[in-house]
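Enquirer: Below is the structure I would like to discuss, written out as structure tokens.
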DNA sequence: GCCTAAGTACACAGGTCTGTGTAACCAAAA
DNA sequence: TTTTGGTTACACAGACCTGTGTACTTAGGC
């Protein structure tokens, strides 16, 4: 296979990274297209980016792109599917895992290339007609909710379903707020709220060092 | 001013409504354009709707539209400004007002023409470049947060700022979730979480019986 | 050395979009 | 009646978009 290399395909930092790594990342063409589509779709918006732009960014011809994806819609679908990475379980205690979610959220907010949830954004800009996009967005949201629920069940929380839903509300709320405000503190606010909800459900989330809260309720056993 | 009327400008239900009202709503042309732009932009997406479509929907020429708005961008800005209605205070007790927010949210979710927060959607699809859109979106979000904060201050809550932020997270979270899932129950889940947060801050939000629902609200005084 | 698979360059069809130019038209005010 | 201002119909420029057609080039396997 001839990979006609014609100039700087990778941005300078990426380039440097790959240069010092032993194997220069034997990326398949499809993966290169997807990687670039991901960056542009996510950062600028799906409708805002044409296939020409993607091809030009990689340095390939538009024809090549269409040889790998039959249509832009197919590329959009592949983009979203690639974004759908299932959250992995860790060996840490469940309560810690749950709270760590918000810490990781805060880290992502702080990065300058964060621009909200790709699934919510896609549904927002592609409209209600696009059933395929909506379907994968629903699946993603549900997978996140289920992840919380499973951890809550490990903790023996009574109504894990309801609490899991409330936690995803906090996650999505902080994402939406950060999207417009660019304020990573939204993740911390969500974490504090999550702690209150967890404590209210009888989960031990450590001492409440920073807020002694006057009329605080003791958790029901 | 000649309002060249050329066929059904209003949908049948609207038409009926206006027919039985004494003044047939002396809408200015600008307002008619804005009303239609609002409906189409919000329901289908800003980028998805061209000015031709808006003009055709009203039954006016594209030229007329451009005589009232110098560019599509100006129309978008006017659309968002028109959406920016400040939440009004009522005479109900603050805690009730806060919780009523989530009831009204649930009602809006149940309507089939709800499609998320227009400001968040606009930021999502117009990208980070569009400073004007982002600015008004930030202003809107902040106005909502301040509304919560003021009510919490009336209630004597210690850290009203932080709690207000947490409440808007629940609001925006439920909006995002409903956008992809079409599930009004998200508003109820947010309300339940809000109750827990409020109770944790020392606010009396009534008994924890799942649904006292009617008439069981005792005014605090 | 030849064949094949993959990529390239480039043109182009056909559509949509924003925005403008222009002459005619109509209603109501002067 | 004449003027004036908002409106219409319609054409069009120029950009951009998705997707295709075609002939050429190159690397690697046989």
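Chains as they are written, first to last, in our numbering: chain A, 1 to 221; chain B, 1 to 221. Even glycine gets a Cβ: it sits at the ideal position worked out from N, Cα and C. As the structure is a prediction and not an experimental result, all values here were calculated from the model.
First and last residue of the alpha helix (DSSP H) that includes residue 126 of chain B?
Expert: Counting along the chain, the alpha helix (DSSP H) containing residue 126 of chain B begins and ends at 118–126.
Enquirer: Could you tell me which uninterrupted alpha helix (DSSP H) segments, each at least 4 residues in length, are contained entirely in the segment 124–178 of chain B, listed from first to last along the chain?
Expert: The segment 124–178 of chain B contains these whole alpha helix (DSSP H) runs: 131–154.
Enquirer: With distance defined between alpha-carbon atoms, name the residue in A:144, A:70 and A:182 nearest to residue 137 of chain B.
Expert: Comparing Cα positions, the closest option is A:182.
Enquirer: Need the endpoints of the alpha helix (DSSP H) that residue 62 of chain A sits in, please.
Expert: Segment 62–68, the alpha helix (DSSP H) holding residue 62 of chain A.
Enquirer: So, with DSSP's three-state summary, where would you put residue 182 of chain B?
Expert: Here residue 182 of chain B sits in coil by DSSP.
Enquirer: Quick one, are the C-beta atoms of residue 95 of chain B and residue 171 of chain B less than 8 Å apart?
Expert: No. Outside cutoff.
Enquirer: Report yes if the CB atom of residue 97 of chain B is closer than 8 Å to the CB atom of residue 149 of chain B, and no otherwise.
Expert: For residue 97 of chain B and residue 149 of chain B, no; Cβs fall outside 8 Å.
Enquirer: Contact criterion: CB-CB distance below 8 Å. Does residue 138 of chain B meet it with respect to chain A?
Expert: Output row for residue 138 of chain B: interface = yes.
Enquirer: Quick one: using the 10 Å Cβ neighbour count with 16 as the cut-off for buried, is residue 166 of chain B buried or exposed?
Expert: Classification of residue 166 of chain B: buried, given that the 10 Å Cβ count is 16 or more.
Enquirer: Comparing the C-beta of residue 200 of chain B with each C-beta of chain A, is any distance below 8 Å?
Expert: Cβ-Cβ to chain A under 8 Å: yes for residue 200 of chain B.
Enquirer: Using alpha carbons as the reference points, say which of B:67, B:85 and B:57 lies closest to residue 143 of chain B.
Expert: Residue B:85 is the option with its Cα nearest to residue 143 of chain B.
Enquirer: What span of residues does the alpha helix (DSSP H) with residue 97 of chain B cover, start to end?
Expert: Run containing residue 97 of chain B: 94–110, per the alpha helix (DSSP H) assignment.
Enquirer: Am I right that residue 54 of chain B and residue 28 of chain B are in contact with their C-beta atoms under 8 Å? What's the rounded C-beta distance?
Expert: Not really, about 16 Å apart at Cβ, beyond 8 Å.
Enquirer: Would a C-beta distance cut-off of 8 Å place residue 30 of chain B and residue 102 of chain B closer than the cut-off?
Expert: Against a cut-off of 8 Å, the Cβ pair of residue 102 of chain B and residue 30 of chain B comes out as no contact.
Enquirer: Would you say residue 196 of chain B reaches chain A, if we count a Cβ-Cβ gap shorter than 8 Å as a contact?
Expert: Yes, contact with chain A.
Enquirer: Does the beta-carbon distance from residue 124 of chain B to residue 116 of chain A come in below 8 Å?
Expert: Yes; because the gap between Cβ atoms is below 8 Å, this pair is in contact.
Enquirer: Distance, Cα to Cα, residue 159 of chain B vs residue 153 of chain B?
Expert: The alpha-carbon atoms of residue 159 of chain B and residue 153 of chain B are separated by roughly 9 Å.
Enquirer: Tell me the residue span of the alpha helix (DSSP H) that contains residue 32 of chain B.
Expert: Per DSSP, residue 32 of chain B belongs to the alpha helix (DSSP H) from 29–44.
Enquirer: With 9 Å as the C-beta to C-beta threshold (strictly closer), list the residues of the segment 52–73 of chain A near chain B in chain order.
Expert: Listed by position, the residues of the segment 52–73 of chain A near chain B (Cβ gap below 9 Å) amount to none.
Enquirer: Below 8 Å on the Cβ atoms is my contact criterion, and I expect residue 75 of chain B with residue 133 of chain B to pass it. Report the Cβ-Cβ distance as a whole number of Å.
Expert: That belief does not hold up - the Cβ atoms of residue 75 of chain B and residue 133 of chain B are roughly 12 Å apart, past 8 Å.
Enquirer: Please tell me whether residue 146 of chain A and residue 203 of chain A are closer than 8 Å, where the distance is taken between their beta carbons.
Expert: Result no, Cβ atoms of residue 146 of chain A and residue 203 of chain A do not sit closer than 8 Å.
Enquirer: Answer with buried or exposed for residue 93 of chain A, where buried requires no fewer than 16 other C-beta atoms within 10 angstroms of its C-beta.
Expert: Per the 10 Å Cβ criterion, exposed.
Enquirer: For the segment 90–113 of chain A, list every residue whose C-beta sits within 8 Å of some C-beta in chain B, in sequence order.
Expert: Result list empty, no residue passes.
Enquirer: Cβ closer than 8 Å: which chain A residues qualify as neighbours of residue 176 of chain B?
Expert: The contacting residues are 117, 120, 172, 173, 175 and 176.
Enquirer: Find the nearest neighbour of residue 119 of chain B within the set B:198, B:41 and B:201, judged by alpha-carbon distance.
Expert: Checking every option, the nearest Cα to that of residue 119 of chain B belongs to B:41.
Enquirer: Provide the residue span of the alpha helix (DSSP H) that contains residue 83 of chain A, from first to last.
Expert: Here the alpha helix (DSSP H) through residue 83 of chain A covers 72–83.
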